[in-house]
Amino acid sequence: MKHIDRRDFLGGVLASGATLAASALPAAEVPAALQSQPAAPKAEPAHGSSAIDFRYAPREYQTAFCFPDDPHKSLVSQAGHLLYGFDNGGGIYYFPLKIGFALRGMMTPKVLSQRLESPTIPIVRTTIEYPEVSVVLTTFATNDPGEGRVDNVILEATPHSTGAVDVEPVVSFDSTEEVELEEKDGVPIVVYRKSRKVVMVGKAIGHAASVTQAGTSRLDIDRPWRLSLHRGQATKASPYRAFYRFPQASQDAALVAAGLSVPEDRLKSCRAFWASWSAFRSPVAWTLPGRQGEFVEACARNILQAREVRDGKLTFQVGPTCYRGLWVVDGNFILEAARYLGFDKEAIEGLRTTWANQLSTGQVLSAGGKEHWKDTAIAMFTLVRQCELSQDWSLLREFEPQVVHAIEFLRSLQLLAVSQGSALGRYGLLARGFADGGVGGIRDEFTNTVWALAGLKALAEAAESQKMDNLKAARLLHDQLQSAFAKAAPLEMRRYETGFDYLPMVLKNDPDWNLPDPWDRLRPQGAQWALSHAIFPGRVFDPHDLVVRGHVHLMQAVTREGIPSETGWNQHNSVWNYNAGFVAEVYLWMGMRQAAHDTFVGFLNHASPQYCWREEQPLQDSMVLTYVGDMPHNWASAECIRYLRHMLALEDGGHLRLLAGITASELATSKPYRLDGTPTRFGRVNLNLEPLDRSQGWRLNYEREAGPAPAKLSLPASLGAHFQFSQIEGARSRTEGDLVLVDCAASKWSAYWKA
321 MKHIDRRDFL GGVLASGATL AASALPAAEV PAALQSQPAA PKAEPAHGSS AIDFRYAPRE
381 YQTAFCFPDD PHKSLVSQAG HLLYGFDNGG GIYYFPLKIG FALRGMMTPK VLSQRLESPT
441 IPIVRTTIEY PEVSVVLTTF ATNDPGEGRV DNVILEATPH STGAVDVEPV VSFDSTEEVE
501 LEEKDGVPIV VYRKSRKVVM VGKAIGHAAS VTQAGTSRLD IDRPWRLSLH RGQATKASPY
561 RAFYRFPQAS QDAALVAAGL SVPEDRLKSC RAFWASWSAF RSPVAWTLPG RQGEFVEACA
621 RNILQAREVR DGKLTFQVGP TCYRGLWVVD GNFILEAARY LGFDKEAIEG LRTTWANQLS
681 TGQVLSAGGK EHWKDTAIAM FTLVRQCELS QDWSLLREFE PQVVHAIEFL RSLQLLAVSQ
741 GSALGRYGLL ARGFADGGVG GIRDEFTNTV WALAGLKALA EAAESQKMDN LKAARLLHDQ
801 LQSAFAKAAP LEMRRYETGF DYLPMVLKND PDWNLPDPWD RLRPQGAQWA LSHAIFPGRV
861 FDPHDLVVRG HVHLMQAVTR EGIPSETGWN QHNSVWNYNA GFVAEVYLWM GMRQAAHDTF
921 VGFLNHASPQ YCWREEQPLQ DSMVLTYVGD MPHNWASAEC IRYLRHMLAL EDGGHLRLLA
981 GITASELATS KPYRLDGTPT RFGRVNLNLE PLDRSQGWRL NYEREAGPAP AKLSLPASLG
1041 AHFQFSQIEG ARSRTEGDLV LVDCAASKWS AYWKA
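Just so you know, we're using the working numbering here: the sequence shown kicks off at 321 and counts up by one.
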């Protein structure tokens, strides 16, 4: 597959005293401060719907049905079409081979529905409707011994009435390479004309009497090529059935054709694999009720289906098509999610893959592009986070020489900015770079600097705790950049149209702020993704900082369909779906529990019914623009996993905040929420939030395994609107405002909230 970076790909699709405190103030104090600005949105807006019903799902979507680490990234569209051979050169819709299924007739079918067998079993059933007949397409993958990787589709046509209906199935091949039909022992075989590679074998199955044997299958000569299978009759008691098989490993036709007579056996084989698969690895286990639990398991599957061994290295890839590769920033969050699921060994392999991309200059370079300077700092952040979660700092010591070189590279960017004579250089920040997130080109921008602050801060704190003197340069560079940014930020803030100040990620001197056509101008919310990350998990700012307050107001001002809109490359009447996850995490860290919940639910409701996301899509009422990016997009999958973990256990520096995201909606289930063996920087933690008898209250059982004790451990004083903290057994506690502070030295206790 031709290499292309995110910038190139998207280019082809789309023609006053800021303080930078090292530690956060109590998050519970923040909402009132945010509300102090007149004409600004409220910090805690009116509650959105808590129903997770896919109301904002994209109209066009695709679902992976391959196996974990599968080199064959098989996809099925919302209409049941198979999509093969993605090529970056033609945009997100360009698949050199598309295979569709229908009945030959006068009427065009309507797609009624598509669903998975379960969140953990990617057997996809698509129902299409004709006036007289319903057709169900069952799509699944197999990898049976002696046969190898095969994609499979079972077609079943059932009439609406009690009488018999004549049907003639047809398979279309929309292919850039010519195909032709062979037939052996009555089995149609479609092959590529030049290479003779087998594309499909198929046959009618079921009751022999229902199939007309007169006449052979035929392939139309016009493109797309259409293969007509044997005609037959369908009744409600005896539907017409056909089985189509698509070899993925260049197998011989006879080998794959041997399985045509036993479609149910092949279906059972697929089901058995996924039934034995788990979204979690011991000692980690999650129990979440309802759709939240379904999303966690489906997102774990999405991530592993996209993962692949590339050049001998296990690579957590963003998706199966245009982002089938390594992106350092996406990978940071995907690797953290992998840890939360228990995939510890694999996360370390993924970390090594990231650092294998370091150049002789010290820069860590991936598909984000050369001027995505922030990737080097993000690689540092990832390394520190993986060491925290594993409670093993030997990795930081192993990579110490590479990290020293990376710090030197970031320092060189500060010097480069001065030599460029840019505004960034005059401020003392990093050189002009690529902002990403809807802002293209090489510009005077802040995203590289704010992520550098996050990466250097994490590294400096780790180096100091581990007494690694060779990494002292991280603190020196961090402090220089922090001081420079604190001077630059108030000078670069702008006034939003509804009356609050915010920090744009592109400096005021950029001419694109004042282009003649407003359609083409930079947008206030463009590239704010990096600022979200710097706020949390980067913890670069104090929660009362004007930069943070402006960011929160801005995200609320642009919210549509429950999530921030126009924050990405589709800048008009559209949403960058998983950007909502970044913002929900900011709200959660700020103590804005309901706003976090509502934004996260909005994010879930932009998924397809198959529990996955397109990177960007139009708003439901949009009359312009199109879709952008991969699907399933696994940074989105990671954001789902991360938020649900942080909803129950949020690490805020040395402060462990439990149940920080629990709202009345979670309590309404009256079912337990449980995390077993979840890794934290304080060691593994076991949590079990369970309802008491007769809905009289809730109990949280807590246990922390070996690891450094948190400096602060807190619980909410109230759960929802109806349950107040009552007591704690096994530890001392005291109530301060909206928080219950628990003795950090206690490793096992139970807390109670009563109605």
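Beta carbons: idealized from backbone N, C-alpha and C, even for Gly.
What does the alpha-carbon distance come out to for the pair residue i and residue j?
i       : j       : result
VAL456  : PHE920  : 33 Å
ARG977  : SER598  : 28 Å
LYS991  : PRO609  : 6 Å
HIS550  : GLU628  : 39 Å
ASP1063 : PRO1028 : 14 Å
ALA1071 : SER985  : 20 Å
PRO465  : LYS523  : 22 Å
GLY974  : SER1034 : 11 Å
PRO451  : PHE421  : 17 Å
VAL724  : ASN790  : 7 Å
ARG752  : VAL878  : 27 Å
SER602  : LEU968  : 19 Å
TYR963  : TRP889  : 24 Å
PHE902  : LEU671  : 22 Å
VAL638  : ILE698  : 16 Å
TRP675  : ARG994  : 34 Å
PHE636  : ARG538  : 43 Å
PRO810  : ASP799  : 18 Å
ALA854  : LEU624  : 27 Å
ALA657  : PHE856  : 15 Å
LEU661  : TRP545  : 44 Å
SER570  : TYR564  : 16 Å
LYS807  : GLU614  : 46 Å
When DSSP builds the beta bridges, which residues end up paired with residue i?
i       : result
ALA422  : VAL490
ARG630  : LYS633
GLU754  : For clarity, residue 754 is Phe in the given sequence; the question names Glu instead. Its beta-bridge partners are ILE762.
ALA969  : LEU978
ASN1006 : GLU1023
ARG546  : SER492
LEU835  : LEU835 pairs with nothing; no bridge assigned.
THR1055 : VAL1060
Which first and last residues belong to the alpha helix (DSSP H) in which residue i is found?
i       : result
PRO567  : Not the alpha helix (DSSP H): PRO567 falls in the beta strand (DSSP E), residues 560 to 567.
ALA1066 : That residue, ALA1066, is in no alpha helix (DSSP H); it is neither H nor E in DSSP.
TYR907  : 899 to 910
LEU874  : 866 to 877
GLN930  : Counting along the chain, GLN930 falls outside any alpha helix (DSSP H), and DSSP gives it neither H nor E.
Mind checking which residues open and close the beta strand (DSSP E) that includes residue i?
i      : result
TYR993 : 993 to 998
MET520 : 518 to 525
LEU575 : Here LEU575 belongs to no beta strand (DSSP E); instead the alpha helix (DSSP H) covers 573 to 577.
GLN722 : GLN722 -> not in any beta strand (DSSP E); alpha helix (DSSP H) instead, spanning 720 to 740.
Find the nearest neighbour of residue i within the set the options, judged by alpha-carbon distance.
i       : options                          : result
VAL491  : ILE474, VAL485, GLU497           : ILE474
ASP312  : PHE385, ALA573, ASN677           : Because residue 312 is not part of the residues shown, which for the chain are 321 to 1075, the question remains open.
CYS642  : GLY949, TRP1073, GLU1025, LEU842 : GLY949
LYS1067 : PRO1036, ALA1041, LYS1032        : Reading the sequence as shown, one finds Ser at residue 1067 and not Lys. Among PRO1036, ALA1041, LYS1032, the Cα nearest to that of SER1067 is on LYS1032.
MET700  : GLY688, LEU709, VAL684           : VAL684
SER433  : ALA377, ARG469, LEU1039          : ALA377
ARG841  : ARG913, ASP832, GLN848, TRP849   : ASP832
ARG516  : ILE525, MET788, GLU497           : GLU497
GLN1016 : LEU1007, PHE1043, GLU1025        : PHE1043
VAL396  : GLY410, PRO388, LEU417           : LEU417
SER394  : GLU881, ASN463, VAL1060, PRO1036 : ASN463
ASP996  : LEU987, ALA988, LEU1007, THR989  : LEU1007
LEU970  : LEU709, GLY552, ARG543           : LEU709
ASP572  : ASP542, ILE509, SER1046, GLY552  : ILE509
GLU1049 : GLU935, PRO1036, TRP1069         : TRP1069
LEU580  : ALA557, ASP542, MET520, LEU547   : MET520
Would you verify that the beta carbon of residue i is, or is not, closer than 7 Å to some beta carbon of chain D?
i      : result
HIS975 : Looking for chain D here will not work: only one protein chain is present.
* **Contact between the stretch 1002 to 1011 and the stretch 1040 to 1059 (3+ Cβ pairs under 8 Å)** => no
* Taking three-plus beta-carbon pairs below 8 Å as touching, is the stretch 738 to 753 in contact with the stretch 667 to 678? -> no
* Asked: Quick one: any contact between the stretch 764 to 778 and the stretch 852 to 863, if contact means 3 or more CB pairs under 8 Å?
  -> yes
* Per the contact definition of three or more C-beta pairs closer than 8 Å, is the stretch 774 to 793 in contact with the stretch 816 to 836? -> no
* Is the stretch 865 to 875 touching the stretch 814 to 823, taking contact as three or more C-beta pairs under 8 Å? -> yes
* Asked: Are at least three pairs of beta-carbons, each pair with one atom in the stretch 401 to 418 and one in the stretch 576 to 585, less than 8 Å apart?
  -> no
* Asked: Are the stretch 615 to 626 and the stretch 951 to 961 in contact at 8 Å, needing three or more beta carbon pairs?
  -> yes
* Asked: Would the stretch 930 to 949 and the stretch 904 to 917 be scored as touching if the rule is three or more Cβ pairs under 8 Å?
  -> no
* Asked: Does the count of Cβ pairs from the stretch 680 to 695 and the stretch 647 to 666 closer than 8 Å reach three?
  -> yes
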